[in-house]
Amino acid sequence: MFAKSLLLTLALAATTLATGQSIIKNKCGFPVWITSVDHEPHPTISLAAGGTWSEPQRYDPATGISIKIGTYEGALYTGGPIIQFAYTAYPPPYIYYDISTSYGYDPKFIGEIIDLSGSATGAPEIVWNGGPESNQNTKAYAGDTDLILTLCA
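Numbered per mature numbering (1 follows the signal peptide of the UniProt record, and there is no 0), the sequence shown spans residues -20 to -1, 1 to 133.
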């Protein structure tokens, strides 16, 4: 019992390490569907064209966080093309982040700019100009920052 209580306390403390927000701005002319995944998937929500979605950043010691974005409902569960916005906020004060694809690159995003940036001064930016960049590396920032993924920037 003590071990379970200790693990729960550590897990709750770890989830509050990051204080920033993960934000998706959908500037595309079409809706997207978002599923935030840590050690388990959370409910999929739709984000209308022109809409903004956010959630507090959190730490999952088992997997990190992957926010999966598809252009139709069910894309994540049917092998549709997915953009993955992933991060881990550990060890403090670092946050590591990147974007990648699964199951190909959705044709709706071809020719569109996908931008992942931090709100803090000096947080590195990742930009896809019309398609995934093959030389993209995971970026890191030492400090709290919101992470903002802009679709069709």
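We put the CB at the ideal spot given by N, CA and C, even for glycine. Keep in mind it's a predicted model, so treat the numbers as computed, not measured.
query: Residue from 54, 4 and 15 with nearest C-alpha to residue 95; result: 4
query: Residue 72 versus 2, 39 and 12, residue with shortest Cα-Cα distance; result: 39
query: Within 8 Å, strictly: CB atoms of residue 37 and residue 69; result: yes
query: Whole-Å CB distance - residue 10 paired with residue 119, under 8 Å assumed; result: With a Cβ gap of about 27 Å, residue 10 and residue 119 do not count as contacting.
query: Close beta carbons around residue 134, own chain, < 7 Å, minus the five adjacent residues each side; result: Shown here, the chain extends from -20 to 133; a query on residue 134 therefore has no answer.
query: Close-in-space but distant-in-sequence residues of the same chain around residue 13 (CB under 8 Å, 5 per side omitted); result: 24, 25, 26, 27, 49, 50, 51, 52, 53, 54, 55 and 56
query: Member of 102, 74, 108 and 80 whose CA lies at the smallest distance from the CA of residue 93; result: 108
query: Whether residue 63 touches residue 79 by CB criterion (8 Å); result: yes
query: With 16 other Cβ atoms within 10 Å as the buried cut-off, status of residue 125; result: buried
query: Limits of the unbroken beta strand (DSSP E) element including residue 131; result: 127 to 131
query: Own chain partners of residue 83 with C-beta closer than 8 Å, once the 5 adjacent residues on each side are dropped; result: 59, 60, 61 and 62
query: DSSP state of residue 67 mapped onto helix, strand, coil; result: strand
query: Closest by C-alpha distance to residue -1, when choosing among 67, 42 and 7; result: 67
query: DSSP-derived helix/strand/coil call for residue 48; result: strand
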